[in-house]
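S.K.: There's a structure below that I have some questions on.
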Amino acid sequence: MSRSRRGPSLPHRGRAAKADEPQHFGAGIVAGASDNDPTTVATLAVIGSTTTYELGWLTLLVIPMLAVIQAIAAQVGVVSKKGLEDCVRAEFGRAWALLALAALLIVNVLTLAADLEGGGAALQLLTHVDYRWWLAPLGALTVGVLVFGNYRGIERVLRYVALLFLTYVAAAFLARPNWGDVLYHSFVPHFDFRAATVSGALALLGTTLTAYAYVWETIEQSEEKPALRRLGLVQVDAALGIVVAGLTFWFILIATGVTLGVHHRSVETAEQAAQALAPVAGRYASLVFAVGLLGSALIAIPVIAGTSAYVASEMFGWRHSLDATFTHARKFYLVLSACVAAAVAIGLAGVPPIKLLYFSGIAGGIATPLTMALMLLVGRSRNVMHQRRIGPWLAAAGWSVTAIVTAATGIYLFQTLTGQGGS
2 MSRSRRGPSL PHRGRAAKAD EPQHFGAGIV AGASDNDPTT VATLAVIGST TTYELGWLTL
62 LVIPMLAVIQ AIAAQVGVVS KKGLEDCVRA EFGRAWALLA LAALLIVNVL TLAADLEGGG
122 AALQLLTHVD YRWWLAPLGA LTVGVLVFGN YRGIERVLRY VALLFLTYVA AAFLARPNWG
182 DVLYHSFVPH FDFRAATVSG ALALLGTTLT AYAYVWETIE QSEEKPALRR LGLVQVDAAL
242 GIVVAGLTFW FILIATGVTL GVHHRSVETA EQAAQALAPV AGRYASLVFA VGLLGSALIA
302 IPVIAGTSAY VASEMFGWRH SLDATFTHAR KFYLVLSACV AAAVAIGLAG VPPIKLLYFS
362 GIAGGIATPL TMALMLLVGR SRNVMHQRRI GPWLAAAGWS VTAIVTAATG IYLFQTLTGQ
422 GGS
């Protein structure tokens, strides 16, 4: 769940965590390492195959960018005791809240469709049954677990399954890349404005800084209500997870670049993406990739669906809690089910999984600046944050991140609308 960023967790079904209840420090590290959802993995595979190591510097730059945004989101949630949608409505009114809701839902449904296809593609690798046959069962499983089951318990297991993506670290070394080229492109920023580079940069920013991750951070903190004195500890744990996640992103890029990019092999199918693991997994590369991809999809799909339902319910004042039964939170669960159904329908339209996974990252990059800017304005608002507003340095860093994503969006849209940008 990239998408990557600290992997958000759905609240406990049952009693909420007490404010002073000790949390397991280090959980963020496991969450970060496992937070390579299908969209993130596919995006990095496509970028590595089309630009090799060219965007290595941006992949590393994403680490502090993620840390800044997640720190801001955590502070907004802990201090305001509200989700971002509630905060936007309180500060800017219904019109801006509706705009933020529309932007989030459009990207969430597209990302949900992409991750469902990613899970279907993983099952196709394992069973040789076309991925489209798996979309409806995966969607139904998601709704069933969130309405009737215990997602938290399932998630604990799946996070360790998704750690299989750490095999990309070994694959990057065993494939013997030219480390001079890798380090040069990782620490000397270069941007050539080719279409592949621009779309790759926007997709990378969109899949890692996608709105659902930091919006869910505000929801999660508002649900769990940790004591204000624990805010620093929460942020440090999240930051450690972000570092692990960001380094994993970098190794996926390197492994894909050296095995596919330098040989000019494009990634259009899950089987091709799995080839990057061949140096470490050999003929079992597809199996390792498929199991990891399926695990990450099963983590991400419920979180994205849950985020969509929470945000819509906040907007319209409906009861929103996974602790509630279907009877007591009917509208909340109907929105959740509708988002999953729409995602299944998009998946059945026949767009190849890797392509949809990649372009959902681009869509996320286009929509992200709006919600990010609103969160920053909320974070500096005295009405919402009172005496606990985000500091000027953190705000400046947040606006810098927003400017980078906005610039990438602007360049991409300009090239797309004018037909400029070489291949």
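Each residue of the sequence shown is one higher than the last, beginning at 2 in the working numbering.
Where is the CB? At the ideal position from N, CA and C, for every residue including glycine.
Nearest CA to the CA of G307: which residue from R195, D324 and G94?
M.R.: Looking at the Cα atoms, D324 is the closest of the given residues.
S.K.: Roughly how many whole angstroms lie between the Cα atoms of A251 and G57?
M.R.: Sequence check: residue 251 is Trp here, not Ala. Distance between the alpha carbons of W251 and G57 is about 7 Å.
S.K.: Using a Cβ-Cβ cutoff of less than 7 Å, which residues in the same chain neighbour P370 once the five nearest sequence positions on both sides are dropped?
M.R.: Same-chain partners within the cutoff: T403, V406, T407 and T410.
S.K.: Between which two residues does the alpha helix (DSSP H) carrying L124 extend?
M.R.: Run containing L124: R95 to T128, per the alpha helix (DSSP H) assignment.
S.K.: Nearest to D116 by CA position, among L349, V379, L395 and Y413, is which residue?
M.R.: Of the listed residues, the one whose Cα sits closest to D116 is L349.
S.K.: Check K83 in the structure and name its three-state DSSP category.
M.R.: In the structure shown, K83 sits in coil (DSSP, three-state: anything other than H, G, I, E or B).
S.K.: Report all residues from its chain with a CB closer than 8 Å to the CB of V292; omit the five preceding and five following residues, and keep chain order.
M.R.: Here the set comprises A123, L127, V162 and L165.
S.K.: How should W180 be labelled, buried or exposed, when 16 other C-beta atoms within 10 angstroms of its C-beta is the threshold for buried?
M.R.: That one is exposed.
S.K.: Counting only runs that start and end within the segment 178-206, where is the beta strand (DSSP E) found for 3 or more residues in a row?
M.R.: Correct list: empty.
S.K.: Look at the alpha carbon of E218 and the alpha carbon of I300, and state the distance between them as a whole number of angstroms.
M.R.: Going from the Cα of E218 to the Cα of I300 covers about 15 Å.
S.K.: What does a CB cutoff of less than 6 Å around V345 pick up in its chain, not counting 5 residues either side in sequence?
M.R.: Excluding residues within five positions, the ones whose Cβ falls inside 6 Å are L136, A137 and G140.
S.K.: What does the alpha-carbon distance come out to for the pair L358 and T44?
M.R.: Distance between the alpha carbons of L358 and T44: 7 Å.
S.K.: Determine whether the beta carbon atoms of P178 and I253 lie at a separation below 9 Å.
M.R.: Cβ atoms of P178 and I253: not closer than 9 Å.
S.K.: Can you give the Cα-Cα distance for M373 and W97, rounded to whole angstroms?
M.R.: Approximately 13 Å, taken between the alpha carbons.
S.K.: How about A282 and A173: do their beta carbons lie closer than 9 Å?
M.R.: For A282 and A173, no; Cβs fall outside 9 Å.
S.K.: Count the other CB atoms within 10 Å of the CB of G366; is the residue buried (16 or more) or exposed (fewer)?
M.R.: Classification for G366: buried.
S.K.: So for T41, helix, strand or coil by DSSP?
M.R.: Of the three classes helix, strand and coil, the one that applies to T41 here is helix, per DSSP.
S.K.: Could you spell out the range, first to last residue, of the alpha helix (DSSP H) harbouring A137?
M.R.: R133 to F149 is the extent of the alpha helix (DSSP H) around A137.
S.K.: By the three-class DSSP mapping on this structure, what secondary structure does K356 have?
M.R.: Here K356 sits in helix by DSSP.
S.K.: Using 8 Å as the threshold, is the segment 181-201 in touch with the segment 37-52, meaning 3 or more CB pairs across them?
M.R.: The answer is yes - the segment 37-52 touches the segment 181-201, with three or more Cβ pairs under 8 Å.
S.K.: What's the C-alpha gap between W134 and Q125?
M.R.: Whole-angstrom Cα-Cα distance: 9 Å.
S.K.: Could you give the distance in angstroms between the alpha-carbon of A91 and the alpha-carbon of L67?
M.R.: Approximately 26 Å, taken between the alpha carbons.
S.K.: Between T211, G154 and D87, which has its C-alpha nearest T112's C-alpha?
M.R.: Out of T211, G154 and D87, T211 has the C-alpha closest to the C-alpha of T112.
S.K.: Using three-state DSSP, classify W319 as helix, strand or coil.
M.R.: W319 falls in the coil class under three-state DSSP.
S.K.: Excluding sequence positions up to five away, which residues of its chain have a Cβ less than 7 Å from the Cβ of H25?
M.R.: Note that H25 scores 45 on pLDDT, short of 50, meaning its location in the model is unreliable and no value can be drawn from it.
S.K.: Using C-beta distances below 6 Å, list every residue in its chain close to T419, excluding the 5 sequence neighbours before and after it, in chain order.
M.R.: So no residue of the chain qualifies.
S.K.: Is G27 buried or exposed, if buried means 16 or more other CB atoms sit within 10 Å of its CB?
M.R.: Note that G27 scores a pLDDT of 47, beneath 50, so its modelled location is shaky and nothing firm can be said.
S.K.: Compute the distance between the beta-carbons of A398 and P65, then report whether it is under 9 Å.
M.R.: In this structure, P65 lies closer than 9 Å to A398 by Cβ.
S.K.: I believe A274 touches I391 by the beta-carbon criterion, under 8 Å. Please report the beta-carbon distance rounded to the nearest angstrom.
M.R.: Not really, about 38 Å apart at Cβ, beyond 8 Å.
S.K.: Inspect the beta-carbon positions of I70 and Y215 and report whether they are closer than 9 Å.
M.R.: In contact: I70 and Y215 (Cβ atoms closer than 9 Å).
S.K.: If you run the structure through DSSP and keep just helix, strand and coil, what is T326?
M.R.: If DSSP states are grouped into helix, strand and coil, T326 belongs with coil.
S.K.: Using CA coordinates, which residue listed in C88, V146 and L167 is at the minimum distance from D38?
M.R.: Comparing Cα-Cα distances from D38 to each of C88, V146 and L167, the minimum goes to L167.
S.K.: Going by DSSP in three states, S267 sits in which element: helix, strand or coil?
M.R.: Three-state DSSP puts S267 in coil, outside helix and strand.
S.K.: In whole angstroms, what separates the C-alpha of V80 from that of L175?
M.R.: Whole-angstrom Cα-Cα distance: 47 Å.
S.K.: Indicate the three-state DSSP secondary structure (helix, strand or coil) for Y54 in the structure shown.
M.R.: Here Y54 sits in coil by DSSP.
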